[in-house]
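Step one of this worksheet: look at the structure below.
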Amino acid sequence: MENAEITALAVVAFIAVLEICCFFICSRLRGKSYPLCTVLPVFAEDDELERRLEYIGTLIEDGSSCVETLILLDCGGSDGQIELCREFCSHFRSAELLAQEDIEDAMRRFIHLS
0 MENAEITALA
10 VVAFIAVLEI
20 CCFFICSRLR
30 GKSYPLCTVL
40 PVFAEDDELE
50 RRLEYIGTLI
60 EDGSSCVETL
70 ILLDCGGSDG
80 QIELCREFCS
90 HFRSAELLAQ
100 EDIEDAMRRF
110 IHLS
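Note that the sequence shown ends on residue 113 in numbering that gives the first Met the number 0; no numbers are left out.
This is the structure we're talking about:
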């Protein structure tokens, strides 16, 4: 190998190491994580609600969800759906069931707006 090739490989390797440090290590050390609040509307016509809640529950349990708060918003859900949401909220502390008229106050509380 010639000196120019060795120098080029060394520079490329140095840049790759630097990128790894910046993207993975430095970003985690900064600790910049913004809380996310997700709203899931509960409609009576939603036949997939139980599956959605199971999927979201799996994400929360695995720790793969970056959502800090999950709001289940009652938009005319059936009694069975509302009971399912209450059970979900009792199992996951990051979830809360709200009526439509309570959403503004809840958003102020969760996002700390005045």
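All C-beta atoms, glycine included, are put in the ideal place defined by N, C-alpha and C.
If you measure between the beta carbons of L96 and D73, is that distance less than 8 Å? yes
Where L35 falls, given that 16 or more other Cβ within 10 Å makes a residue buried: exposed
Leaving out five residues before and five after S113 in sequence, what residues of the same chain have Cβ atoms less than 8 Å from its Cβ? Any answer about S113 is weak, because its pLDDT of 38 lies below 50 and its placement is not dependable; what the coordinates show is given next. Around S113: R107.
Counting pairs of beta carbons, one from the segment 0-12 and one from the segment 35-46, are three or more of them closer than 8 Å? no
DSSP on A94, reduced to helix/strand/coil? strand
Just to confirm the assignment, what range does the alpha helix (DSSP H) spanning D61 have? 48-61
According to DSSP, is L112 helix, strand or coil? For L112, the predicted structure reports a pLDDT of 46, less than 50, and the residue's modelled location is therefore unreliable. A value from the coordinates is still provided. Coil, per DSSP.
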